[in-house]
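A.B. asks: Taken in order, these protein sequences are the chains called V and L. Be aware that the first sequence starts at 24, since it is given in my numbering, and climbs by one per residue. Be aware that the second sequence starts at 93, since it is given in my numbering, and climbs by one per residue. Please find one structure pasted underneath; my questions will follow.
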Amino acid sequence: MITADNYHESLHNIQKDYLNALLNKDRQSAEKLITDSLNNNVPIKDIYLSVFQPAQWEIGRLWQTNKITVAMEHYCTAATQFIMSRLYDHIFSTEKNGLSLVATSVSGELHELGIRMVSDFFEMEGWHTYYLGANSTKEGILDMIKECNADILAISATMYYHIPHVQELITYIRQHNESDKLKIMVGGKAFNMGKNLWKETKADIYALDAQAAIEKSTEILSVNN
Amino acid sequence: MLKGIVLVCNNDFKIEEFLYNSFRNLVFSRGDGSLYSICDNEEKLKLDEFIKQIKNTGAAFNWEINVSFKNLTKPLKFSGSKLDRNFFVFGLETNNDVPFLYEELMRINNEQSNYIRQILKNRFMNTQMERPDEDVLNELSQVNNQLANVQRELSKKNVELNKLNQLKNHFLGMAAHDLRNPLGHIYNYAELVENDSDNLTDMQLQFIGVIKSQSLFMLNLVEELLDVSSIESGEVVLDLQGVNIVEFIRTNIHMNKHLANKKSIKINFNPSGREIFIKIDQKKIDQVLNNLLTNAIKYSEQNTEINVEVKDIDSLVQICIRDQGLGIPDDEINNIFKPFNTTSNVSTGGEQSTGLGLFISKRIIESHKGKIWVKSEVGKGSEFYFTLLKDLK
Chain V
24 MITADNYHES LHNIQKDYLN ALLNKDRQSA EKLITDSLNN NVPIKDIYLS VFQPAQWEIG
84 RLWQTNKITV AMEHYCTAAT QFIMSRLYDH IFSTEKNGLS LVATSVSGEL HELGIRMVSD
144 FFEMEGWHTY YLGANSTKEG ILDMIKECNA DILAISATMY YHIPHVQELI TYIRQHNESD
204 KLKIMVGGKA FNMGKNLWKE TKADIYALDA QAAIEKSTEI LSVNN
Chain L
93 MLKGIVLVCN NDFKIEEFLY NSFRNLVFSR GDGSLYSICD NEEKLKLDEF IKQIKNTGAA
153 FNWEINVSFK NLTKPLKFSG SKLDRNFFVF GLETNNDVPF LYEELMRINN EQSNYIRQIL
213 KNRFMNTQME RPDEDVLNEL SQVNNQLANV QRELSKKNVE LNKLNQLKNH FLGMAAHDLR
273 NPLGHIYNYA ELVENDSDNL TDMQLQFIGV IKSQSLFMLN LVEELLDVSS IESGEVVLDL
333 QGVNIVEFIR TNIHMNKHLA NKKSIKINFN PSGREIFIKI DQKKIDQVLN NLLTNAIKYS
393 EQNTEINVEV KDIDSLVQIC IRDQGLGIPD DEINNIFKPF NTTSNVSTGG EQSTGLGLFI
453 SKRIIESHKG KIWVKSEVGK GSEFYFTLLK DLK
């Protein structure tokens with residue numbers, strides 16, 4: 024039973040059990056942990072930040088240190104994506120605030136889970152979100168920005184060597200988008216390597232995670248207005 | 093041309109020698125001259141594990157580690173092994189370069205290469221057999237990402253559609269509700285005028301009759317639209333009460349007899365017993381019986397019969413209304429329980445149909461956890477069945 028007193032400890036335990044279930048290839052148990060949490064009135068945002076996010080970081084670390092195979096890493100990510108999709112009905116029911124976000128990963132990037140989580144967070148905050156997969160062309164991204172009159176474009180990169188692609192995309196968008204209201208945000212593991220690395224891309228803002236992305240976007244838009 | 097680097101490192105993993113470097117036009121920022129100095133800062137943890145594995149097991153294979161050149165970061169597949177007191181390390185752009193590397197090593201042609209070749213060949217080949225195909229995994233991952241994106245979009249659209257549907261039901265309910273009162277007035281005033289028939293011509297009486305029948309039809313339509321709106325909004329609330337279903341049906345038949353008499357249709361009632369007590373929402377089940385009986389009358393010729401049966405089957409009661417009417421064509425029978433679906437049959441007495449009655453009946457029966465179905469043959473008639481739980485909770 025999750026109570027106010029044991030809330031953080033309970034979430035930590037759920038995260039540990041969730042990770043263990045995935046590493047044991049037990050997707051059903053992992054999913055049950057999440058549905059039980061929802062039934063115990065744990066907010067979806069907390070599930071994202073305290074279960075999915077740390078579990079994915081740990082899976083990434085285990086893969087990096089060769090403790091799990093690349094196949095296992097792919098499985099865990101796919102399972103989390105599937106379990107997240109079961110929460111969509113709750114996520115998309117939020118009343119809208121009129122702001123819109125276009126989110127994408129740079130071409131060739133396989134790690135889309137993080138940026139999709141960011142999009143879901145914006146959706147829960149009442150934004151209209153349009154997530155474009157890593158296979159989208161820069162022309163397609165530009166079209167979407169225009170079509171939905173986007174306030175923020177969020178671009179994610181996990182691999183360091185994808186940063187030049189981010190730079191290239193931002194230059195293209197800046198050259199071809201007439202609206203000056205659009206702000207560009209970058210994020211993802213690639214930018215964690217250097218404090219000012221994001222500035223090289225000429226983005227307007229950088230966010231470390233989903234929560235920070237919401238805060239930074241709200242801040243820059245309120246300053247802008 | 094092999095793309096990568098081949099190094100010899102000492103026990104502290106300081107680079108002793110570059111045996112091979114295809115990136116010759118790129119300058120390494122060497123730092124302290126250790127293997128760490130050419131690798132990306134973020135990869136230190138991974139490199140620790142890589143070195144630990146070589147030291148503990150004698151060799152490590154295919155570790156993807158980012159290498160930082162002066163102006164470029166590139167992921168290379170690293171493998172390495174012990175070499176007497178030193179360590180031999182190579183980092184290649186792709187796995188496919190490994191066989192080529194052996195050739196290169198042969199070309200380097202020193203004693204070390206043969207030694208390494210011997211160790212590495214077996215170990216690498218064994219590991220390769222156990223490794224999943226990374227390209228296939230990446231491809232699968234991309235497919236999965238795309239599916240996840242499509243699923244996200246679908247869920248979003250689904251929520252939007254549900255909201256629109258709710259809005260539609262709300263609008264439907266509101267419109268129907270506001271139509272009901274004026275229609276009631278039209279019908280009632282037409283009746284008042286009709287009562288004063290002494291001052292009316294035959295033609296005026298005929299017009300009044302049309303106003304009455306049309307406004308009555310519209311009132312029924314409005315009532316049914318309100319039912320649909322409430323059903324679609326998920327607001328079917330049952331007021332369950334115990335009732336003897338045999339008597340309940342008998343009363344309903346009695347109420348519909350005047351309609352049947354107009355067409356000289358005889359309604360027979362054949363219950364399997366005198367009393368079967370069940371729990372139902374009387375108003376709603378009455379609506380279902382009315383709908384099925386009036387349909388049977390509408391689509392039956394004069395001087396035919398309608399048989400109503402009630403059967404007690406374990407925990408269920410099964411009711412059947414069998415007519416000798418027109419029957420429903422095969423290609424229309426699957427649609428009759430859908431809203432606004434009428435068959436191509438024309439009622440035998442010119443009665444009108446909204447196309448909502450059977451849809452509402454189906455939803456009412458389902459809300460009672462029962463089933464409703466039909467058997468029909470063109471020219472012979474139709475049999476409508478429905479079941480009700482005896483002890484619905």
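Ideal Cβ placement from N, Cα and C applies to all residues, glycine included. Bear in mind the structure is a predicted one, so any value in this text is a computation, not a measurement.
Around the C-beta of L:Gly442, are 16 or more other C-beta atoms found within 10 angstroms, so that it is buried, or is it exposed?
C.D. replies: Answer is exposed; the Cβ neighbour count stays below 16.
A.B. asks: When DSSP labels each residue in this structure, what does L:Val100 get in the three-state scheme?
C.D. replies: Three-state result, L:Val100: strand.
A.B. asks: So if DSSP puts V:His151 in a beta bridge, which residue, or which two residues, is it bridged to?
C.D. replies: The partner list for V:His151 (beta bridge, DSSP) reads V:Ser123.
A.B. asks: Less than 7 Å between CB atoms is the rule here; does L:Ala151 satisfy it with respect to chain V?
C.D. replies: Output row for L:Ala151: interface = no.
A.B. asks: Where L:Ser129 and V:Asn62 are concerned, what is the direct C-alpha to C-alpha distance, given to the nearest angstrom?
C.D. replies: Their backbone Cα atoms lie some 51 Å apart in a straight line.
A.B. asks: Return yes when the Cβ of V:Val209 is within less than 7 Å of the Cβ of V:Tyr229, no when it is not.
C.D. replies: Contact: yes.
A.B. asks: Taking Cβ positions only, does L:Ser474 come closer than 7 Å to chain V?
C.D. replies: Answer no: the Cβ-Cβ gap between L:Ser474 and chain V never drops below 7 Å.
A.B. asks: Can you give me the Cβ contacts of L:Gly447 inside the same chain, cut-off strictly under 6 Å, excluding the 5 residues immediately before and after it?
C.D. replies: Only Phe432, Asn433, Thr434 meet the Cβ criterion.
A.B. asks: Residues in its own chain within less than 6 Å of L:Leu450 by CB, not counting five upstream and five downstream?
C.D. replies: Correct list, in chain order: Ile428, Phe429.
A.B. asks: Could you spell out where the alpha helix (DSSP H) holding L:Trp155 opens and where it closes?
C.D. replies: Note, L:Trp155: premise wrong, no alpha helix (DSSP H); beta strand (DSSP E) at 151-160.
A.B. asks: Beta-carbon within less than 7 Å of L:Lys461's beta-carbon, same chain only, minus the 5 sequence neighbours each way: which residues are those?
C.D. replies: For L:Lys461, where only same-chain residues beyond five positions count, the Cβ hits under 7 Å are Leu481, Leu484.
A.B. asks: Using a cut-off of 9 Å between C-beta atoms, extract the partners of L:Ser114 located in chain V.
C.D. replies: Simply none; closest approach about 17 Å.
A.B. asks: According to DSSP, simplified to helix, strand and coil, what is L:Ile357?
C.D. replies: Three-state result, L:Ile357: coil.
A.B. asks: Give the interface partners of V:Tyr183 over in chain L, defined as CB-CB distance under 8 Å, in chain order.
C.D. replies: Per Cβ cutoff of 8 Å: Asp132, Glu134, Asn158, Thr165.
A.B. asks: For the pair the segment 100-109 of chain V and the segment 236-244 of chain L, tell me if three or more CB-CB distances fall below 8 Å.
C.D. replies: The segment 100-109 of chain V is in contact with the segment 236-244 of chain L.
A.B. asks: Counting C-beta neighbours from all protein chains within 10 Å, is the total for L:Gln379 16 or more, i.e. buried, or is it exposed?
C.D. replies: So L:Gln379 ends up on the buried side.
A.B. asks: State the Cα-Cα distance for the pair L:Glu488 and V:Thr117, rounded to the nearest angstrom.
C.D. replies: The displayed coordinates of chain L run from 93 to 485. Any statement about residue 488 of chain L would go beyond what the structure contains.
A.B. asks: From what residue to what residue does the alpha helix (DSSP H) around L:Phe115 run?
C.D. replies: Premise fails: L:Phe115 is in no alpha helix (DSSP H) and is neither H nor E.
A.B. asks: Return the CA-CA distance between L:Met152 and V:Tyr30, expressed in angstroms with no decimal places.
C.D. replies: Looking at the sequence shown, residue 152 of chain L is not Met but Ala. Approximately 43 Å between the Cα atoms of the pair.
A.B. asks: Determine the direct distance from the alpha carbon of L:Asn254 to that of V:Ser159, and round the result to whole angstroms.
C.D. replies: V:Ser159 and L:Asn254: Cα-Cα distance of roughly 29 Å.
A.B. asks: Just by C-beta distance, which residues in the segment 246-264 of chain L are closer than 7 Å to chain V?
C.D. replies: Within the segment 246-264 of chain L, the residues whose Cβ lies closer than 7 Å to some Cβ of chain V are Ser247, Lys248, Val251, listed in chain order.
A.B. asks: According to DSSP, simplified to helix, strand and coil, what is L:Pro167?
C.D. replies: Note: L:Pro167 maps to strand in three-state DSSP.
A.B. asks: Near L:Asn348, which residues of its chain fall below 6 Å by C-beta distance, leaving aside the five closest residues on each side in sequence?
C.D. replies: Only Leu385 meet the Cβ criterion.
A.B. asks: Can you give me the start and stop residues for the beta strand (DSSP E) that L:Glu492 sits inside?
C.D. replies: The displayed coordinates of chain L run from 93 to 485. Any statement about residue 492 of chain L would go beyond what the structure contains.
A.B. asks: Does L:Lys249 come out as helix, strand or coil in the three-state DSSP assignment?
C.D. replies: In the structure shown, L:Lys249 sits in a helix (DSSP, three-state: H, G or I).
A.B. asks: Here's the rule I'm using: 16 or more other beta-carbon atoms within 10 Å means buried, otherwise exposed. How should L:Leu99 be labelled?
C.D. replies: With 16 or more Cβ atoms within 10 Å of its Cβ, L:Leu99 is classed as buried.
A.B. asks: Establish whether the CB of L:Leu184 and some CB of chain V are separated by less than 7 Å.
C.D. replies: It does not; no Cβ of chain V falls within 7 Å.
A.B. asks: Of all the options L:Ser439, L:Phe105, L:Asp132, which has the alpha carbon lying nearest to the alpha carbon of L:Ile146?
C.D. replies: Cα-wise, what sits closest to L:Ile146 is L:Phe105.
A.B. asks: Pull up the distance between the alpha-carbon of L:Gly334 and that of L:Phe369, whole angstroms please.
C.D. replies: Whole-angstrom Cα-Cα distance: 7 Å.
A.B. asks: Can a CB atom of chain V be found closer than 7 Å to the CB of L:Ile143?
C.D. replies: Chain V contact via Cβ: absent.
A.B. asks: In chain order, what residues of the same chain have a beta carbon less than 7 Å from the beta carbon of L:Met221, not counting five sequence neighbours either side?
C.D. replies: Low confidence applies here, because L:Met221 scores a pLDDT of 49, under 50, leaving its location unreliable; read the following figure in that light. Closer than 7 Å at Cβ, skipping near neighbours: no residue.
A.B. asks: Based on DSSP bridge pairs, tell me the residues matched to L:Cys412.
C.D. replies: According to DSSP, which records beta bridges pairwise, L:Cys412 is partnered with L:Glu401, L:Tyr477.
A.B. asks: Please list, in chain order, the chain L residues whose beta carbon lies closer than 7 Å to that of V:Asp112.
C.D. replies: Going along chain L in sequence order, the residues near V:Asp112 (Cβ under 7 Å) are Ser247, Val251.
A.B. asks: Just to confirm before moving on: does the CB-CB distance between V:Val141 and V:Ala44 stay below 7 Å?
C.D. replies: No, Cβ-Cβ distance for V:Val141 and V:Ala44 is not below 7 Å.
A.B. asks: Can you check the segment 167-207 of chain V for any beta strand (DSSP E) of at least 3 residues that lies completely inside it and give the ranges in chain order?
C.D. replies: Fully enclosed beta strand (DSSP E) runs of 3 or longer: 175-179.
A.B. asks: With 7 Å as the threshold, decide whether the Cβ of L:Ser173 is near any Cβ in chain V.
C.D. replies: So no, L:Ser173 is outside the interface.
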